[in-house]
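Peer 1: Sharing a structure with you now.
Numbering (the numbering used here), first residue to last: 190 to 549.
Here you go:
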């Protein structure tokens, strides 16, 4: 019996080694939406410094045979066998997947405020009306019932309001609930934030059209949390909103100097279907509304949440310029944007503000 056990163990080791060596190596993980580590370069300097073995360990983990299946097995075991409250900071509550966002990082908030204040002092004058609004992440609405760690979101809002005393604060948290977010993704659902857009517009002194139509895509949507959770859960559905102002709007991608569509249907079949809204992560996008009632312009400093709410705001403006300073240095903005007599809205999620090292 011992001999058979030893032989089987040796066979498993040999099979594992051969699979690791000869199976094709993926370069990208669709479920995790990231590039996988590549084989490190074998150099004397890397060996003596220990860098080679560190990088090789990362490479071996990323390219392990049937890695995705093992990730799912680990997640299912952690959740349903050992009843762990989360798996690597990702948890499921009432069918929603979320990440534990804790604690409140005041240094990060200060850094974000400094970047926004730099923009305010460099480009804005008394002729600009400046606004701030904070988008709570999904954990805000799930953590209390699921008993996970959670920031004090009211304190978060209050601190941002106090630190950015040069901007008028617009509260939207009370308009939101967990159902306004995708179950498998970080973002809010466009069709459920029409009231949020109306609140922002009203506080900024404009009115929006109520001429909306909601469309549902047939393709399933597996958000970023789905891959991180590695659990067999139901997908979301993707919906988008159209209307007279949205349909006739001209959209210009200032990063790549070309016209684009409001909703990029090719992105729906891509790695991140949420990028259908204004083509995803672009540094500069301009929406021009030829049917605007007045020449009112808005500059929207935003993260990815802004991609889906901007179309809802366009009926109240002749032009909206979206700026993402995660991808463009603020000191270059004067080359692309005329700030004269524009309203300015800083609209950011707590996820970005609490991790503001992503801002340039």
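Glycine included, every Cβ here is placed at the ideal spot set by N, Cα and C.
1. Leaving aside the five residues before and after residue 544 along the sequence, list all residues of the same chain whose C-beta is less than 8 Å from its C-beta, in chain order.
2. Assess, as a yes-or-no matter, whether the region 398-412 is touched by the region 374-381 under the definition of 3 or more beta carbon pairs within less than 8 Å.
3. Return yes when the Cβ of residue 324 is within less than 8 Å of the Cβ of residue 493, no when it is not.
4. Here's the rule: buried if 16 or more other CB atoms are within 10 angstroms of the residue's CB, otherwise exposed. What is residue 521?
5. If you check the beta carbons only, do residue 531 and residue 488 fall under 8 Å apart?
6. Is the separation between the beta-carbon of residue 320 and that of residue 534 shorter than 8 Å?
7. Determine the DSSP secondary structure at residue 230, reduced to helix, strand or coil.
8. DSSP puts residue 357 in a beta bridge; with which residues?
9. Could you name the residues of the same chain whose beta carbon sits closer than 6 Å to that of residue 465, not counting the 5 residues immediately before and after it, in chain order?
10. Among the residues of its own chain, which have a CB less than 8 Å from the CB of residue 549, if the five just before and after it don't count?
11. Measure the C-alpha to C-alpha separation of residue 395 and residue 506 and round it to an integer number of angstroms.
12. Where residue 279 and residue 419 are concerned, what is the direct C-alpha to C-alpha distance, given to the nearest angstrom?
13. Relative to the C-alpha of residue 291, which residue among 302, 306, 342 is closest?
14. Please confirm if the region 468-476 is in contact with the region 354-373, defined as three or more CB-CB distances below 8 Å between the two stretches.
15. Cβ atoms of residue 275 and residue 337: under 8 Å apart, would you say?
16. Can you check whether the CB of residue 528 is closer than 8 Å to the CB of residue 512?
17. According to DSSP, simplified to helix, strand and coil, what is residue 188?
18. In terms of residues, what are the limits of the alpha helix (DSSP H) holding residue 540?
19. Between residue 415 and residue 286, which are expected to be in contact by the criterion C-beta below 8 Å, what is the C-beta distance as a whole number of angstroms?
20. Could you name the residues of the same chain whose beta carbon sits closer than 8 Å to that of residue 397, not counting the 5 residues immediately before and after it, in chain order?
21. Could you name the residues of the same chain whose beta carbon sits closer than 6 Å to that of residue 477, not counting the 5 residues immediately before and after it, in chain order?
22. Can you give me the C-alpha to C-alpha distance between residue 562 and residue 408, rounded to a whole angstrom?
23. Locate the beta strand (DSSP E) running through residue 285, then write down its first and last residues.
24. Of the residues 371, 352, 441, 224, which one's Cα is nearest the Cα of residue 422?
25. Are there 16 or more other CB atoms within 10 angstroms of the CB of residue 579, so buried, or fewer, so exposed?
26. Report yes if the CB atom of residue 540 is closer than 8 Å to the CB atom of residue 349, and no otherwise.
27. Hey, would you say residue 375 sits closer than 8 Å to residue 327, going by beta carbons?
Peer 2: Let's see:
1. 294, 297
2. yes
3. no
4. exposed
5. yes
6. yes
7. coil
8. 320
9. 452, 453, 456, 457
10. 304, 514, 515, 516, 517, 518, 519
11. 8 Å
12. 10 Å
13. 342
14. no
15. yes
16. no
17. Because the chain in this structure spans residues 190 to 549, residue 188 falls outside the shown range and cannot be described.
18. 539-542
19. 7 Å
20. 386, 387, 390, 501, 502, 504, 505
21. 439, 508
22. Nothing about residue 562 can be reported from this structure: the residues present for the chain run from 190 to 549 only.
23. 285-288
24. 371
25. Because the chain spans 190 through 549 in this model, residue 579 falls outside it and cannot be assessed.
26. no
27. yes
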